[in-house]
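Reviewing the structure listed below.
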Amino acid sequence: MTTIETPRAVKDLVVVGHGMVGHRFVEALRSRSGGENWRVTVLAEESDPAYDRVGLTSYTDGWDRSRLALPGNDYADDEQVRLMLSTRVEKVDLADKSVLAVDGQRYGYDTLVLATGSRAFVPPVPGHDLPGCHVYRTLDDLDGIRADIECMLEAGNTRAGVVIGGGLLGLEAANALRASGIEPHIVEMAPRLMPQQLDDAGGVLLSRMISDLGIAVHVGVGTESIEQLTHQYGSPTLRVKLSDGNAIEAGLVIFAAGVRPRDELAREAGLAIAERGGVLTDLCCRTSDSDVYAIGEVAAIEGVCYGLVGPGYTSAEVVADRLLEGVAEFGEADMSTKLKLLGVDVASFGDAMGATENSLSVVVNDPVKRTYAKLVLSDDAKTLLGGILVGDASSYGVLRPMVGAELPGDPLDLIAPAGSGDNKSALGISALPGAAQICSCNNVSKGQLCDAIAGGCHDVQSLKDCTKAGTSCGSCIPLLKELLVAEGVEQSKALCEHFAQSRAELFEIVQVTGIRTFSELLERFGTGHGCDICKPTVASILASTGSDHILEGEQAALQDTNDHFLANIQRNGSYSVVPRVPGGEIKPEHLILIGQIAQEFGLYTKITGGQRIDMFGARVDQLPAIWRKLVDAGMESGQAYGKSLRTVKSCVGSDWCRYGQQDSVKMAIDLELRYRGLRAPHKIKMGVSGCARECAEARAKDVGVIATEIGWNLYVGGNGGMSPKHAQLLASDLDTETVFRYVDRFLMFYIRTADRLQRTAPWIEAMEGGLDHVREVVCDDSLGLAEEFEAEMARHVDNYTDEWKGVLDDPEKLSRFVSFVNAPEAEDPTVAFTVRDGRKIPLPVPVVRSSKEES
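Heads up, the sequence shown is in my numbering, so the first residue is 514 and it goes up one at a time.
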């Protein structure tokens, strides 16, 4: 007997809220078998469909809303989903099983899902509602902040902004202010930054690192009041009074002091509310009404609200499964977080605070390298419970999935500083069990990823499409790449998501095609809008292959801050001025001029390790006036700001030293004048020593030349910095002409083939054949490219022009150098100094005045 199934009636589902979690829920429901039996209406309060709120700060880079849009957020190809934007719900009627929107439209439901999220918490301090006070929650919020910043910069009364709250969101907001040219202050009531994620030691280190980047940190203090002042120039200014008696004058205030669940609809409807707020649900995310569910930040699952996207996605998946007659329940939430702002790495995972009874902690605190690592272990020291990483979070991707599992080795080895032995040998994705969760946002295990790879997913994008891993916060993407390599899949060397080519391949494309703009290269060989990886990389390639001014036309918008202003930004927001002094040889009149300029503009001066004179503390609008004096006197930019040749250091050589075997000063001058302005993947430094005593420390440079009795020894691949490397001997006893020929070839080979931001030492180490291969290419011309390399260098030498002279001769370029709009002559309050032990020291932020001083 044949059984004929009767088609199920289509049910009406109403989703209130269209954030990341609400969108995830709709996608999960409609993508599964049985999802076709639900007719979905999504009521969104905002005018934008679901967007990446985790990446909200990136909106400030270009102010393009479409860049944050989540894929498929308009459901254009799904006739069963109706999206209603700008539709705020004002009432839920449980008896009538309907919701009422503010426009009077009523929507009936069979099942209701509340995904209303949370709202920013604004402490009830006096003045919290004054003009200039903002929250940091939505795209519209950021538009309001942007408008106030533009007014601040135009009026020029103050360059300070106050962020109240030092958690994840507060640091994001401070970063956004800093990127907009505002000097941020962070005010945190707890005794440390990120108090929910970091312990005292980690918080102290983070505060120190954030402070050194020009962000003022006030911890252990509250906000007593906010007052509106009228500045002497007529623009309104806010005074934020702190509980320690200090006050900060600022142009705007941002509240990032936490969030509160938006449970008002549920309260008024009579649904059960958790003791600390949020719609109370069981582990199925079902509320006290069996036809109503709550997901995301508004849901208090068994009384607990989770403010991260990972648990929110889990709740969305649970409800989707339940509506399709599944048995899913909300398990243990992963509250791991990873943040990178201004180059500072922070990560927290599992039981980071060691709340588990009898847990043990292993800590490595390195104040010199500014790293802090802590692992929380079970009482037998075998199982990882959680951890904290500050300064270096490179181990986060592998450590986090190990939470709850037995460690593969000595826990101290897993967090010991690099170079302290075999410490990282046990740490790798191969050590993880198949059940280890690689993507906590989307609950994807290593085993699932391995199955996807075996099924034909052989790159990161296909893994993301197949498993959803890496599609949310993105912190697990490095692990996806590592897993592909571990599974024997050869990986792409794509520069970024916008270019499938490597930097070296893009270099060749630019050379062959003659493309001279980023937009044309992107249109023909890339996708999307570009990012902060590919833009400066392409800018460097264009500079390396042509002679256009770095601020010419479209190129200007690609540069980072230093290249944008042709000066090196300092911790207090001022800039340094570094004239070129080839070989350290300087005329008396130039010494006098530098002293006069430093005196006139109030600059701090210092002799650098590269034999130059730095002048610190210049405002943006002062830079052209300073450089006009230097250029008129015959000096030029030392390019201390660029990924290019920085300096060629020398000893006094045979002219003055009794041990000198060759004229090291002339060699250094000739090298610097030949390679000045040469753009590269990273900065380049050189040194020339007149004998083996090595007074110029040439073997610590990318290119080192050391005199011998009959000529010169040429060394390459020495780097300073965080991972010092001694240069290695490339060739010995060379005549001067051969030195230049080999250096030409070496530098052009490096510029063509190195990755972005890769210095010469790691470039040689990563190359198959290492130094031997470099020697074959440079000295033996094994690739037959020597003549081409030398011709390219000759083009550079013939076409070199001083970048600052180019600015001074072009009114359009000069117009960039103002501290703020319409006020080029105003004093810049961000440039402040103090005197310590007789030395002039920059203050990283505007001076904070005491309320007692004001009276």
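Heads up, the beta-carbon is just placed ideally off N, CA and C, and yes, glycines get one too.
Pair within 8 Å by beta-carbon distance, residue i and residue j
i: Ala763; j: Thr671; result: yes
i: Ser849; j: Ser861; result: yes
i: Ala841; j: Val831; result: yes
i: Arg1093; j: Gly1151; result: yes
i: Val479; j: Phe538; result: Residue 479 lies beyond the stretch modelled for the chain, which goes from 514 to 1368, so this question has no answer here.
i: Ala865; j: Gln710; result: yes
i: Thr591; j: Pro562; result: It should be noted that the sequence gives Asp, not Thr, for residue 591. Not closer than 8 Å, so no.
i: Ile699; j: Ala673; result: no
i: Val529; j: Ala633; result: no
i: Leu1260; j: Tyr1313; result: no
i: Ala1274; j: Gly1231; result: yes
i: Val769; j: Leu682; result: Reading the sequence as shown, one finds Ala at residue 769 and not Val. Contact: yes.
Cross-strand partners of residue i (DSSP beta bridge)
i: Val523; result: Beta-bridge pairing links Val523 to no other residue.
i: Tyr564; result: Ala582
i: Asp879; result: Thr884
i: His647; result: Ile767
i: Ala860; result: Lys851 and Leu902
i: Phe1012; result: Cys1009 and Gly1039
i: Pro774; result: Ser631
i: Arg691; result: In DSSP, Arg691 forms no bridge with anything.
i: Leu556; result: Val529 and Met597
Contact set for residue i: own chain, Cβ-Cβ below 7 Å, skip 5 residues either direction
i: Glu518; result: Reliability fails at Glu518, whose pLDDT of 49 lies under 50, so the model's placement of it is uncertain and no value is given.
i: Asp642; result: none
i: Leu982; result: The sequence given here places Ala at residue 982; Leu does not occur at that position. Excluding sequence neighbours, Ala982 sits near Ile951, Cys952, Asn955, Val957, Leu962, Leu976, Cys989 and Leu993.
i: Phe1114; result: Ala1131, Gln1135 and Ile1139
i: Asp654; result: His647 and Val648
i: Val1002; result: Ile966 and His971
i: Asp802; result: Leu607 and Leu784
i: Leu1242; result: Asn1226 and Tyr1228
For residue i, the first and last residue of its enclosing beta strand (DSSP E)
i: Trp1140; result: That residue, Trp1140, is in no beta strand (DSSP E); its alpha helix (DSSP H) goes Leu1136 to Asp1145.
i: His731; result: Ala729 to Val732
i: Thr624; result: Thr624 to Leu627
i: Gln950; result: Gln950 to Cys952
i: Tyr1228; result: Trp1225 to Val1229
i: Ile942; result: It is not in any beta strand (DSSP E) - Ile942 carries neither H nor E in the DSSP assignment.
i: Ile677; result: Ala673 to Ile677
Boundaries of the alpha helix (DSSP H) in which residue i is found, first to last residue
i: Ile1264; result: Thr1249 to Thr1266
i: Arg835; result: Val822 to Leu836
i: Met533; result: Met533 to Ser544
i: His1239; result: Taken as a continuous stretch (DSSP letters only), His1239 belongs to no alpha helix (DSSP H), as it is neither H nor E.
i: Met1199; result: It is not in any alpha helix (DSSP H) - Met1199 instead sits in the beta strand (DSSP E) that spans Ile1197 to Ser1202.
i: Trp1317; result: Glu1316 to Leu1321
i: His1103; result: Pro1101 to Phe1114
i: Met1148; result: Taken as a continuous stretch (DSSP letters only), Met1148 belongs to no alpha helix (DSSP H), as it is neither H nor E.
i: Trp1169; result: Gly1166 to Trp1169
i: Pro1049; result: Cys1047 to Thr1058
i: Pro991; result: Ile990 to Ala999
Cβ distance (whole Å) where residue i is taken to contact residue j below 8 Å
i: Leu726; j: Met707; result: So it is not a contact: roughly 15 Å between Cβ atoms.
i: Glu995; j: Thr1030; result: Not really, about 35 Å apart at Cβ, beyond 8 Å.
i: Ile901; j: Asp616; result: 48 Å between Cβ atoms; not a contact.
i: Val1178; j: Gly1096; result: 5 Å
i: Cys664; j: Ile739; result: The Cβ separation is near 17 Å, so there is no contact.
i: Glu1316; j: Leu1055; result: Glu1316 to Leu1055, Cβ: 14 Å. No contact.
i: Glu1303; j: Asp1248; result: Actually they are not in contact, since the Cβ atoms of Glu1303 and Asp1248 sit about 16 Å apart, beyond 8 Å.
i: Asp525; j: Arg552; result: 5 Å
i: Gly863; j: Gly899; result: 3 Å
Close beta carbons around residue i, own chain, < 6 Å, minus the five adjacent residues each side
i: Ile814; result: Thr794 and Phe843
i: Lys1162; result: Gly1123, Gln1124, Gly1200 and Ala1209
i: Ile1182; result: Pro1095 and Gly1096
i: Met514; result: Per-residue confidence for Met514 stands at a pLDDT of 43, beneath the threshold of 50, marking its modelled position as unreliable; the derived number appears in the next sentence. Nothing meets the Cβ criterion.
i: Gly548; result: Leu542
i: Ala1336; result: Here the model assigns Ala1336 a pLDDT of 40, short of 50, so the residue's position is not dependable, and the following value carries that caveat. Here the set comprises Gly669.
i: Ile1264; result: Ser1057 and Ala1193
i: Glu1367; result: Because Glu1367 carries a pLDDT of 31, less than 50, the predicted location of this residue cannot be relied on, and no value is offered for it.
Any chain C beta carbon closer than 8 Å to residue i
i: Val1144; result: Absent here is chain C; the protein component of the structure consists of one chain.
Residues of its chain near residue i, where Cβ-Cβ distance is below 8 Å and the 5 sequence neighbours each way are ignored
i: Asn1075; result: Asn1081, Ile1082, Tyr1154 and Gly1155
i: Pro704; result: Asp713, Gly716, Val732 and Gly733
i: Ser933; result: Because the pLDDT of Ser933 is 45, which lies under 50, any placement of that residue in the model is unreliable, and the number read from its coordinates should be weighed accordingly. Excluding positions up to five away in sequence, the list is empty.
i: Ser1364; result: Low local confidence applies: a pLDDT of 34 at Ser1364 is under 50, so the model's placement there is unreliable, with the coordinate-based value given in what follows. The residues are Lys754, Gly758, Asn759 and Ala760.
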